[in-house]
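Counting from 2, one number per residue, gives the positions in the sequence shown under this note's numbering.
Glycine included, C-beta positions come from ideal geometry on N, C-alpha and C.
Small disclaimer: the values here were computed from a predicted structure and weren't measured.
Report on the structure given below.
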Amino acid sequence: MNTFTRVALPIVLSMTAAAAMASEFTPEAPFVSTLSRAEVRAEAIAARDAGLTASGEFAPVIVADNTSTLTRAQISAEAVEAQKLGLIVSGEVTVLPTSAQMEQVRLAGLRAVQGDNLAQGQNKRVTN
Numbered sequence: 002m003n004t005f006t007r008v009a010l011p012i013v014l015s016m017t018a019a020a021a022m023a024s025e026f027t028p029e030a031p032f033v034s035t036l037s038r039a040e041v042r043a044e045a046i047a048a049r050d051a052g053l054t055a056s057g058e059f060a061p062v063i064v065a066d067n068t069s070t071l072t073r074a075q076i077s078a079e080a081v082e083a084q085k086l087g088l089i090v091s092g093e094v095t096v097l098p099t100s101a102q103m104e105q106v107r108l109a110g111l112r113a114v115q116g117d118n119l120a121q122g123q124n125k126r127v128t129n
């Protein structure tokens, strides 16, 4: 009895489950195209010529413009302020900053730029 419950019973149950799943399978309806072969071919050629299709190991890559307008001083000051506010954490903790905290971080970066401008003898104020 012990061998039956450990070996045969799981096999019988899994075969029963597989048979039940197989009986629920319904094949998809056959696909019927509304375009002629020539129309499909023309669309494929147009897509290839426009660079919209992949060929071999090549896949079209859209590169986003990630150029920053912030200076190093701004980024450093914003990082320090975010750390002070407890917005930079590690692990699986997610912290969502409030709009007031985001403004504090942004202003810290602006203060850093204004300090750099004053240190260089410029009297410009950075406003945003």
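Relative to the C-alpha of L86, which candidate in P31, T72, E104, A113 has its C-alpha closest? E104
Just to confirm, are A83 and V114 a CB contact at a threshold of 8 Å? no
Euclidean distance between Cα positions of A74 and G52: 41 Å
By a C-beta neighbour count over all protein chains shown, 10 Å radius and 16 as the cutoff for buried, is E79 buried or exposed? buried
How about L88 and V96: are their beta carbons less than 8 Å apart? yes
From F32, A9, R112, L10, residue whose alpha carbon lies closest to that of S77: R112
Exposure of G116, with buried meaning 16 or more beta-carbon neighbours within 10 Å: Exposed, because fewer than 16 other Cβ atoms sit within 10 Å of the Cβ of G116.
Please state whether DSSP places D66 in a helix, a strand or coil. coil
Is L36 helix, strand or coil when you go by DSSP? coil
Given this structure, state the Cα-to-Cα distance separating E40 from R49, to the nearest angstrom. 14 Å
Whole angstroms are fine: how far does the CA of G92 sit from the CA of T70? 30 Å
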